[in-house]
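No gaps in the numbering here: position 51 of the sequence shown is 71 in my numbering, and each next residue is one more.
All C-beta atoms, glycine included, are put in the ideal place defined by N, C-alpha and C.
In this text, all values refer to a predicted model and were calculated from it rather than measured experimentally.
These notes concern the structure reproduced below.
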Amino acid sequence: MAPHLLLVLCILFVLTGLSDTQLVSTVRHVSVKQGSSITIPCLYDQRYSNNVKYWCRGSFWLGCSTVVRTDHPKTSGKTSISDDINQRVFTVTMTSLSSDYYWCIMERKNEADDGVRLQISVSPGTPELYVDQQELTGVVGGSVTVLCYYSKLGDSGRWCRMGGSCVAVGHPGALDGTFVKLVQEQRETTNGYVLMVTMSGLMMENTGWYRCEKGDLQLPVYVTVNQPTTIQSTTTITITPSVTNRDNVVTNENTDEKHQSLLEVLFIPLSLLVVLIAVTLITWKMLRKHKDKKAKDQPPNTSVQPADPEQNITYSTVSHISGTTQQDLNPERHGDLYSTVIPMQHRTAQRAAEPDYVVYSTVTQHQRYSRSQKT
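Rendered as structure tokens:
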């Protein structure tokens with residue numbers, strides 16, 4: 021009888037895919053409401069970060085059907101898979117659920133694949149264990165609270181780090197340096213119970229997958245821890261016993277920020293004005309230098325004014341009177357010729373006031389009469 025029992029155990033050992041050293045871990049049993057979605061994390065050893073992982077459906081290892089793989093298109097129908105080699109976990113998200121067994125499996129070269137099985141139960145009503153949000157976010161130094169709802173009192177609840185230790189109700193403790201406190205109470209509005217998990221003093225190392233446990237049921241929850249913003253860090257630094265002093269510090273900081281913003285606003289137009297003035301001065305100096313250089317390079321005016329052809333000329337009109345004596349010079353008796361002599365120096369002055377043309381003397385001849393004619 022004993023040999024047959026041993027044989028049965030060996031067969032079950034092979035069919036379920038169990039091995040002496042399991043390199044993959046996940047939750048055991050998940051309760052999900054019909055029509056909702058669920059994300060399942062599958063943790064693996066660091067040595068197999070680059071190995072192919074896949075999600076398989078079926079009660080037994082040898083008969084399971086592969087749904088999606090990391091080395092093929094990572095979405096198949098309403099199931100998707102992703103691999104985070106830094107945190108050494110691959111996750112599977114399902115949006116179309118049905119109650120069944122599933123497998124997280126990792127391929128290994130020259131060795132048998134390693135995997136672990138979990139059960140997903142889909143209920144039309146309220147699940148036996150659920151949370152409002154499967155992903156939560158906190159900041160370094162802050163806290164985060166998770167509410168795990170369940171319908172039966174049963175065993176006491178626990179909060180565990182996936183792949184790590186756990187903290188139970190009534191036994192507060194620490195997970196990776198973060199204080200964890202669990203409070204279990206009844207909720208009359210839902211006719212059920214709630215397990216309130218509070219993690220305080222968060223650190224960046226607390227980012228990762230956790231699970232809420234109640235009896236055989238487990239529900240994975242992902243917690244992200246971020247660095248605090250500038251405002252949050254400033255508030256933490258300026259905390260003092262006096263509320264009035266704290267308000268003054270915050271007011272002064274706000275005033276300094278406003279002054280700094282005002283200076284930044286004024287600095288831009290002033291800078292542009294200075295640049296514009298500098299460019300204007302440089303342009304004006306260059307134009308002035310160019311004009312001076314052009315005037316310096318121009319040859320001097322050495323043109324010789326033509327000499328006035330009439331500068332040393334004296335004009336005169338000569339009248340010739342023939343056959344006359346001194347007494348015959350009476351203008352009433354003889355036809356005389358008169359001339360006008362104008363020295364050049366007087367003519368020059370005269371020409372300055374007159375138009376630039378030559379005026380010649382006029383010769384007038386008077387008829388001579390004899391005495392006999394007069395009588």
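Taking contact to mean 3 or more Cβ pairs, one atom from each stretch, closer than 8 Å, check whether the segment 142-161 and the segment 65-76 are in contact.
Contact check between the segment 142-161 and the segment 65-76: fewer than three CB pairs, one atom from each, fall below 8 Å, which does not count as touching.
V50 and I58 look like a contact to me (Cβ under 8 Å); what is the Cβ gap, rounded to whole Å?
The residue you call residue 50 lines up with position 30 of the sequence shown. The residue you call residue 58 lines up with position 38 of the sequence shown. Here V50 really is in contact with I58; their C-beta atoms are around 6 Å apart, less than 8 Å.
Spell out the partners DSSP gives S141 in its beta bridges.
Here the question's residue 141 lines up with position 121 in the sequence shown. Beta-bridge pairing links S141 to S51.
8 Å Cβ shell around T99 - same chain, five flanking residues per side excluded
Here the question's residue 99 lines up with position 79 in the sequence shown. For T99, where only same-chain residues beyond five positions count, the Cβ hits under 8 Å are W75, V87, V88, V112, T113, M114, T115 and S116.
Tell me, please, whether the CB atom of E131 is closer than 8 Å to any CB atom in chain B?
The displayed structure is made up of one protein chain only, and chain B is not part of it.
Need the endpoints of the beta strand (DSSP E) that Q204 sits in, please.
In the sequence shown, the residue the question calls residue 204 occupies position 184. In this chain, the beta strand (DSSP E) harbouring Q204 covers T198 to R207.
Option in L215, S56, S69 and K234 with minimal Cα separation from M126:
Counting from 1 along the sequence shown, the entry for residue 126 is found at position 106. The candidate whose alpha carbon is nearest that of M126 is S69.
Closest by C-alpha distance to V72, when choosing among K129, G55, G97 and S119
Counted from its first residue, the sequence shown places residue 72 at position 52. When only C-alpha atoms are compared, the closest one is K129.
Less than 8 Å separating the beta-carbons of L167 and A188?
On the sequence shown, position 147 is the one that residue 167 refers to. On the sequence shown, position 168 is the one that residue 188 refers to. In this structure, A188 does not lie closer than 8 Å to L167 by Cβ.
What does V159 pair with, by DSSP beta-bridge criteria?
As a first step, residue 159 is located in the sequence shown; it is residue number 139 there, counting from the start. Paired residue(s): N246.
Determine, using beta carbons only, whether M223 and S163 come nearer to each other than 8 Å.
Walking along the sequence shown from the start, residue 223 turns up at place 203. Walking along the sequence shown from the start, residue 163 turns up at place 143. No; because the gap between Cβ atoms is not below 8 Å, this pair is not in contact.
Between K53 and P147, is the Cβ-Cβ spacing less than 8 Å?
Numbered from 1 along the sequence shown, position 33 holds the residue referred to as residue 53. Numbered from 1 along the sequence shown, position 127 holds the residue referred to as residue 147. Cβ distance < 8 Å, so K53 and P147 count as in contact.
Going straight from the alpha carbon of W81 to that of S118, what length do you get?
If you number the sequence shown from 1, residue 81 lands on position 61. If you number the sequence shown from 1, residue 118 lands on position 98. Using only the alpha carbons, I get a separation of about 19 Å.
Residue environment, N226, which counts as buried when at least 16 other CB atoms sit within 10 Å:
The count along the sequence shown starts at 1 and reaches residue 226 at position 206. Under this definition N226 is a buried residue.
Taking the continuous beta strand (DSSP E) assigned at G228, which residues delimit it?
To locate residue 228, count along the sequence shown from 1; it is residue 208. That run of the beta strand (DSSP E) goes G228 to K234.
Range covered by the beta strand (DSSP E) that runs through L149:
Locating residue 149 in the sequence shown gives position 129, counting from the first residue. Counting along the chain, the unbroken beta strand (DSSP E) around L149 starts and ends at L149 to V151.
Y230 to D103, Cα distance in whole Å?
Numbered from 1 along the sequence shown, position 210 holds the residue referred to as residue 230. Numbered from 1 along the sequence shown, position 83 holds the residue referred to as residue 103. Answer to the nearest angstrom: the Cα atoms are 17 Å apart.
Beta-carbon spacing of Y170, K94 below 8 Å
Sequence index remark: in the sequence shown, residue 170 carries index 150 (1-based). Sequence index remark: in the sequence shown, residue 94 carries index 74 (1-based). No; because the gap between Cβ atoms is not below 8 Å, this pair is not in contact.
Going by DSSP, what residues sit across from T165 in a beta bridge?
Your numbering for residue 165 matches position 145 in the sequence shown. For T165, which the question treats as bridged, DSSP gives the partners T218.
Could you spell out the range, first to last residue, of the beta strand (DSSP E) harbouring L43?
Here residue 43 refers to the residue found at position 23 when the sequence shown is read from its first residue. Here L43 belongs to no beta strand (DSSP E), and DSSP marks it neither H nor E.
Taking only the alpha-carbon atoms, compute the straight-line gap between L293 and T300 and give it to the nearest angstrom.
Here residue 293 is taken as the residue at index 273 of the sequence shown, counted from 1. Here residue 300 is taken as the residue at index 280 of the sequence shown, counted from 1. Each residue's Cα considered, the two are about 11 Å apart.
Can you check whether the CB of V241 is closer than 8 Å to the CB of G158?
As a first step, residue 158 must be located in the sequence shown, where it is residue number 138. As a first step, residue 241 must be located in the sequence shown, where it is residue number 221. No, these two residues do not count as a Cβ contact at 8 Å.
Nearest to W179 by alpha carbon, out of F287, G221, I297 and F199?
Taking the sequence shown and counting its residues from 1, one reaches residue 179 at position 159. Nearest C-alpha to W179: F199.
So is P61 buried or exposed if we call it buried at 16+ other beta carbons inside 10 Å?
Position 41 of the sequence shown, counting from 1, holds the residue named residue 61. With 16 or more Cβ atoms within 10 Å of its Cβ, P61 is classed as buried.
From the DSSP output, in three-state form, read off M223 for me.
Residue mapping note: residue 223 aligns to position 203 of the sequence shown, counting from 1. In this structure, M223 counts as coil in the three-state DSSP scheme.
Roughly how many angstroms lie between the CA atoms of W123 and G83, to the nearest whole one?
Taking the first residue of the sequence shown as position 1, residue 123 is located at position 103. Taking the first residue of the sequence shown as position 1, residue 83 is located at position 63. Whole-angstrom Cα-Cα distance: 11 Å.
So is I302 buried or exposed if we call it buried at 16+ other beta carbons inside 10 Å?
The residue you call residue 302 lines up with position 282 of the sequence shown. It counts as exposed.
Could you round the C-beta distance between D134 and L43 to whole angstroms and report it? I think they count as a contact, below 8 Å.
The sequence position of residue 134 within the sequence shown is 114, counting from 1. The sequence position of residue 43 within the sequence shown is 23, counting from 1. Taking C-beta atoms under 8 Å as the contact rule, D134 and L43 qualify, at a distance of about 5 Å.
DSSP state of S116, grouped into three classes?
As a position in the sequence shown, residue 116 is number 96, starting the count at 1. It is coil, neither helix nor strand.
Assumed close pair G177, Q204 - CB separation to whole angstroms, cut-off 8 Å:
For the purposes of this step, residue 177 is taken as residue 157 along the sequence shown, with counting starting at 1. For the purposes of this step, residue 204 is taken as residue 184 along the sequence shown, with counting starting at 1. 6 Å between Cβ atoms; contact.
Residue from S85, D236, G183 and D91 whose Cα sits closest to the Cα of L173
Residue numbering aside, residue 173 sits at position 153 when the sequence shown is read from its first letter. Checked all of S85, D236, G183 and D91; the closest Cα to L173 is D236.
Grouping DSSP H, G and I as helix and E and B as strand, with all else coil, what is K73?
Within the sequence shown, the letter at position 53 stands for residue 73. DSSP places K73 in strand when its eight states are reduced to three.
Contact defined as beta carbons within less than 8 Å: I believe L195 pairs with G183. What is the distance between those atoms, to the nearest angstrom?
Working through the sequence shown from its first residue, we reach residue 195 at position 175. Working through the sequence shown from its first residue, we reach residue 183 at position 163. Contact doesn't hold; Cβ gap of about 12 Å is too wide.
Could you pull the start and end residues of the beta strand (DSSP E) that D103 belongs to?
Locating residue 103 in the sequence shown gives position 83, counting from the first residue. Here the beta strand (DSSP E) through D103 covers T99 to D104.
Can you tell me whether L307 is buried or exposed? The criterion is at least 16 other CB atoms within 10 Å of its CB, across all chains shown.
Start at 1 with the first residue of the sequence shown, and residue 307 comes out as number 287. L307 is exposed by the Cβ-count criterion.
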